[in-house]
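Worksheet: the structure to be examined is printed underneath.
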Amino acid sequence: MGKMSRRKFILQTCATISASLLLKACTRYPAATKNPTNSDLGGQSLSLQFISVPPANSQKPTKLLVCLHGFGANAQDLISIAQLLNLPDYQFLFLEA
1 MGKMSRRKFI LQTCATISAS LLLKACTRYP AATKNPTNSD LGGQSLSLQF
51 ISVPPANSQK PTKLLVCLHG FGANAQDLIS IAQLLNLPDY QFLFLEA
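For the sequence shown, the working numbering begins at 1 and goes up steadily by one.
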């Protein structure tokens, strides 16, 4: 085992700090409200579940950002993204598959 290279040390340090900040942000904010809706598509009724996060500045939103989660995740996993991005004019919708 040799000395750790400077580059590897910096990368590991950045990864550790990033993980710590992300974990802190994910646990700091309360859960958003769930707004279940129903959509009628030509005789087929589909249910769409989503989580809505209002703009950070408490003003009327001027933009909308719809986020889709990946396999193995859910809409709740994405809520912290709204706070991390800190986009004051955006309404966030996190769809539940």
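Here a beta-carbon is modelled for each residue, glycine too, at the ideal position from N, C-alpha and C.
For residue 62, which residues in the same chain have their Cβ closer than 7 Å to its Cβ, ignoring the five residues on either side in sequence?
89
What is the DSSP secondary structure of residue 6, counted as helix, strand or coil?
helix
Thinking C-beta only, is residue 96 closer than 7 Å to residue 73?
no
Shortest alpha-carbon distance to residue 68 belongs to which of 50, 11 and 17?
50
Apart from the five residues on each side of it in sequence, which residues of its chain come closer than 6 Å, Cβ to Cβ, to residue 57?
88
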